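This report refers to the structure that appears directly beneath it.
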Amino acid sequence: MSASTTNQYQTVKVPWYRRTQAEASLAFILFVAPMILGLTIFTFIPIVWGALISFSEARNTVSIGDWVGFDNYTAVLGNPEFRRSLRTIVIFAVFIVPITFFLSLLLAMLVNSAGFGSAIFRSIFFIPTAISYVIASIVWKMGIFNGGAFGFANMVWYWLDENAPVVAWIGETDPPYYWLVLVSVRLWLQVGFYMILFIAALQEIDQTLYEAAQVDGARLGWHTFWTITFPLLRNTSIAVLMLNFIAAFQAFDEFINILGGVGSTGNISLARPPLVYLYQIAIQQQDYGRGSAGALILTVIIIAVTLIQGRLFGFGSKS
Amino acid sequence: MSQPTTPAGGKWGELKHPRANNSQALAMLGKTVRYVLLIGLAILFLFPFYIIVRNSLMTQPEITAFDAWQWWPESPQWGNYRDVFEDDAISMATGLRVSALLAIINLVMQTLFASMAGYALARIPFRGRDVIFFLILLTLMIPGAVTFVPTYVVVSELGGINTLWGIVVPGLFNAFATFLFRQFYLDFPTEIEEAGRLDGNSYFGVYWKLLLPNSLGIMAALGILSFISSWNAFLWPVIVGQSESTRTVQVVLSSYLTAQTIDLTRLFAGAAIGAAPLIIVFLVLQRYIVQGVRMSGIKG
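Okay, here's the thing in structure tokens:
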């Protein structure tokens with residue numbers, strides 16, 4: 002503390018150490034207690050319990066102790082349905098992640114450069130974010146891609162060609178039109194969210210960079226996009242890819258509502274994502290041992306891919 | 004045509020002229036293309052909303068009529084909206100009540116817990132503070148939905164299946180919001196806080212009287228996001244809350260969709276009712292929601 006202070010305010014200031022350390026400690030503990038207790042009970046304990054139960058035989062019971070080693074892991078990994086669910090989600094991610102990325106970037110560029118009405122367009126693209134997957138599934142399954150001749154997609158088919166056959170959409174395996182349904186519903190729901198992230202990043206870009214480029218003879222367009230805009234969107238791009246990928250790997254709602262049902266199986270076997278598989282094993286069949294083993298395998302895969310993605314794009318290094 | 008000899012500056016100006024015309028035309032063309040694209044995409048994005056409203060106001064035969072697509076019902080069936088509430092077996096009224104209650108609890112408690120922890124981690128000196136912050140950050144590494152199996156195990160041990168607390172409590176502890184609040188309070192001017200402590204306030208007093216009122220913006224942004232995600236959640240409520248009195252709107256709507264015989268008018272009127280509160284929230288509070296989404300973009 003400098004003694005030579007002339008500011009009256011500073012001379013009467015009560016410094017931190019005048020308060021007793023006990024008071025600070027007590028306050029700290031009380032303030033973080035709800036969060037720490039909650040995370041302990043509903044995150045840390047479940048993870049430890051889940052890890053232990055994954056090494057136990059636990060059918061119709063959640064108790065630990067009937068140790069079976071890695072049996073649950075080999076059973077889950079050896080299960081063709083689980084492996085198929087991993088393939089399913091990889092295919093899904095391969096489609097949804099790049100398409101979402103480019104469409105949300107395109108929307109952000111369009112909205113950002115539109116002078117008149119840009120706020121209205123932004124709202125229109127953003128508002129599907131408010132809709133739940135269940136409601137969107139209702140619209141997609143029963144309204145737009147209804148397998149009946151009255152569904153809108155079949156109606157468009159009919160307008161184009163009166164003899165066009167009625168397409169079942171979600172039941173169609175050759176070609177697998179259900180992918181079109183599943184990818185488009187998620188696109189509609191999430192593109193606006195990522196568009197907002199890109200718009201925020203675009204508005205951070207210093208406009209004098211473009212002016213300088215123009216003075217240097219560059220035309221606004223492709224060239225300035227690749228040399229100025231895209232490199233400056235790097236961090237946002239990485240965030241969008243990662244958030245999108247993590248969300249895609251945890252897909253559940255639209256798959257179970259469009260393809261199958263909570264009560265019935267429906268067409269879910271066409272494209273059963275890992276979370277639906279885990280739901281069926283752990284919650285419906287009550288095999289918590291295998292369910293937890295599968296959950297941990299999926300967690301490891303998601304964390305590993307996220308880290309590899311981060312390493313690949315050099316996340317954390319300076320842009 | 005004789006061109007006057009000009010100094011360097013003039014020559015530059017002379018060259019610029021035709022190119023300026025050219026780029027003006029290009030700019031006009033580009034602008035037109037952009038607006039056509041924007042309007043086309045806007046129609047596509049609004050189309051599903053139109054389908055909900057159209058189908059919710061039609062009779063079943065009107066919806067299922069083939070080769071006679073009606074863009075709008077001849078006489079809108081507003082009664083469909085009343086009929087949604089008449090099914091006693093799967094009660095939409097209960098669903099709306101449960102969802103509203105859970106979303107409000109989620110909004111208030113999640114924001115409160117996260118801001119309290121964020122304040123302590125930012126401003127209260129404590130020996131193990133960094134360790135605790137690290138532990139909270141650690142949970143961000145774990146993909147949320149994947150832990151539903153072990154969390155289900157713990158909640159069922161605690162007797163939370165088919166209870167409202169079993170649906171809402173596990174989601175009240177948001178590590179990412181804690182992180183954001185900590186960032187926010189770190190940037191909060193120390194002078195205000197110190198002046199408050201000078202007046203003899205405890206840590207709680209400073210938090211309640213000074214920090215809380217000054218962080219209403221970030222609270223609104225994060226609170227509304229937690230309201231929306233609670234209202235729209237499906238996986239956890241469908242696992243934990245299958246009994247009649249604990250079904251959320253989403254669970255009720257999903258059971259309409261997967262019923263043996265699907266009543267299309269009730270399905271779409273129900274979808275409209277389920278979506279309406281959030282569309283209103285979205286239109287009224289969009290500024291805060293955009294702010295919240297921007298903050299959540301930091302994650303990753």
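Chains A and B, in that order, are what the protein sequence lines are. Heads up, the final residue of the first sequence is numbered 320 in our numbering, and it's a clean run with no missing numbers. Heads up, the final residue of the second sequence is numbered 303 in our numbering, and it's a clean run with no missing numbers. Yeah, the Cβ is synthetic: ideal placement off N, Cα and C, and Gly gets one too. This one's a predicted model, so the numbers in the text were calculated from it and none came from an experiment.
Please state the DSSP three-state secondary structure of residue i.
i	result
ASP207/A	coil
ARG84/A	helix
TRP160/A	helix
ASP288/A	strand
ALA219/A	coil
ARG60/A	strand
SER5/B	Residue confidence for SER5/B is low, a pLDDT of 43 falling below 50, so the modelled location carries little weight and cannot support an answer.
PRO10/B	Since pLDDT at PRO10/B reaches only 43, below the 50 mark, its modelled position is unreliable, and the value read off the structure follows with that caveat. Reduced to three states, the DSSP call for PRO10/B is coil.
Residue i to residue j, Cα distance in whole Å?
i	j	result
ALA131/A	ILE282/B	6 Å
ILE108/B	ASN147/A	37 Å
SER246/B	VAL135/A	19 Å
ARG187/A	GLU255/A	8 Å
TRP160/A	TRP72/B	10 Å
ALA240/A	PHE93/A	19 Å
PRO275/A	GLN63/B	36 Å
GLU24/A	GLY203/B	13 Å
ARG60/A	PRO240/B	23 Å
VAL91/A	PHE250/A	8 Å
GLN297/B	SER64/A	According to the sequence provided, residue 297/B is Arg. The question's Gln does not apply to it. Rounded to the nearest angstrom, the two C-alpha atoms are 43 Å apart.
LEU49/B	ARG123/A	12 Å
GLU173/A	SER86/A	19 Å
GLN253/B	ILE242/B	12 Å
MET312/B	PHE194/A	Because residue 312/B is not part of the residues shown, which for chain B are 4 to 303, the question remains open.
ASP47/B	ILE125/A	As written in the sequence, residue 47/B is Leu, which differs from the Asp given in the question. Distance between the alpha carbons of LEU47/B and ILE125/A: 10 Å.
ALA154/A	GLU160/B	47 Å
GLU196/B	GLY300/B	29 Å
GLY149/A	ARG88/A	30 Å
ILE100/A	THR209/A	31 Å
ILE303/A	MET243/A	10 Å
VAL140/A	ALA278/B	12 Å
TYR38/B	ILE55/B	26 Å
VAL111/B	PHE151/A	45 Å
ILE206/A	PHE231/A	10 Å
LEU313/A	ILE48/A	28 Å
GLY267/A	PRO177/A	16 Å
GLN215/A	THR228/A	12 Å
GLY163/B	VAL192/A	35 Å
PHE29/A	VAL171/B	26 Å
LEU167/B	PHE187/B	32 Å
CB-CB under 6 Å to residue i, same chain, minus the five flanking residues each way: which ones, in chain order?
i	result
ALA294/A	SER55, ASN73, TYR74 and VAL77
ASN177/B	GLN113 and ALA117
ALA106/B	PHE230, SER233 and TRP234
PHE137/B	none
TYR10/A	Any reading at TYR10/A must be qualified, since the residue scores a pLDDT of 49, below 50, and its modelled position is unreliable; no value is offered.
LEU287/A	Checking the sequence, you will find Gln at residue 287/A rather than Leu. Contacts found: ASN61.
Excluding five sequence neighbours on each side, which residues of the same chain lie with their C-beta closer than 7 Å to the C-beta of residue i?
i	result
TRP189/A	PRO129 and ALA137
LEU271/A	THR174, TYR179 and LEU260
ARG200/B	VAL209
ARG132/B	LEU124
LEU189/B	ALA125
GLU58/A	ASP67, VAL69 and GLY290
Taking only heavy atoms of the ligand SAH into account, decide whether any of them is closer than 7 Å to the Cβ of residue i.
i	result
GLN63/B	Absence of the ligand SAH from the depicted structure is noted, as is the absence of any ligand whatsoever, leaving it without description.
What does a CB cutoff of less than 8 Å around residue i pick up in its chain, not counting 5 residues either side in sequence?
i	result
THR307/A	MET243, PHE246 and ILE247
LEU228/B	ILE292, GLY295, VAL296 and SER299
PHE102/A	TYR195, SER238, VAL241, LEU242 and ASN245
LYS142/A	ILE171, VAL182, ASN258 and ILE259
Any contact of the stretch 115-125 of chain A with the stretch 226-239 of chain B, i.e. 3+ C-beta pairs under 8 Å? no
Any alpha helix (DSSP H) of 4 or more consecutive residues that is wholly inside the stretch 26-98 of chain B: 63-67 and 82-87
Is the number of C-beta pairs between the stretch 96-110 of chain A and the stretch 179-186 of chain A that are closer than 8 Å three or more? yes
Counting Cβ pairs, one atom from each stretch, are 3 or more of them under 8 Å apart for the stretch 135-153 of chain B and the stretch 77-95 of chain B? no
Does the stretch 254-268 of chain B touch the stretch 94-109 of chain B, meaning 3 or more C-beta pairs lie closer than 8 Å? yes
Whether or not the stretch 33-40 of chain A and the stretch 118-134 of chain B are in contact is what I'm after, with contact meaning three or more pairs of Cβ atoms, one per stretch, closer than 8 Å; do they touch? yes
Answer yes if the stretch 37-52 of chain A comes into contact with the stretch 163-180 of chain B, meaning at least three C-beta pairs across the two stretches below 8 Å, and no otherwise. yes
Counting pairs of beta carbons, one from the stretch 259-273 of chain B and one from the stretch 53-67 of chain B, are three or more of them closer than 8 Å? Yes: the two stretches touch, three or more of their Cβ pairs being nearer than 8 Å.
Complete beta strand (DSSP E) runs within the stretch 153-193 of chain B (minimum length 3 residues, chain order): none
Every unbroken alpha helix (DSSP H) within the stretch 113-151 of chain B, with a cutoff of 4 residues, ordered by chain: 132-141
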